[in-house]
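Colleague: When we follow the numbering used here, the leftmost residue of the sequence shown carries the number 1, and every step to the right adds one. Glycine residues also receive a C-beta, built at the ideal position from the N, C-alpha and C atoms.
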Amino acid sequence: MDAMEDYYRKFNANVHRGSYQLANEATAILEGARDNVRNFINENSTKEVVFTKNATEAMNLISNTWGRENLASGDAIVLTELEHHAKLCHGKCSRREGL
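1) Would you kindly work out how many angstroms separate the C-alpha atoms of R68 and V78, rounded to a whole number?
2) By Cβ distance, which residues of its chain are closer than 8 Å to N14, with the 5 residues on each side in sequence left out?
3) Roughly how many angstroms separate the alpha carbons of K8 and N70, rounded to a whole number?
4) Return the CA-CA distance between T52 and N39, expressed in angstroms with no decimal places.
5) V37 and V49 - do their beta-carbons sit closer together than 7 Å?
Structure, rendered in structure tokens:
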């Protein structure tokens, strides 16, 4: 929480979109966080780390990219009632599309 508060108070700027100092500092902080996540999940490249604004956006991204390319008719998608609502919606949509 302290890091988030510090960011919003001192570095709140658009990342990767400005040539001014504050935007460059905000970009460096974001990329540092991406690298920390990469290390935590033992990934080789930061290109494999994607930040989204919420679970629904994350599920949309996964479903509409990886899911469409890697799931085929007859594959099982196992979901429970405990899942986030976004997952349940994508499970139903995949079923309608024949996956």
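Modeller: So, to answer that:
1) 16 Å
2) A23, A26
3) Looking at the sequence itself, residue 8 is Tyr, so the reference to Lys does not match. C-alpha separation (whole angstroms): 39 Å.
4) 18 Å
5) yes
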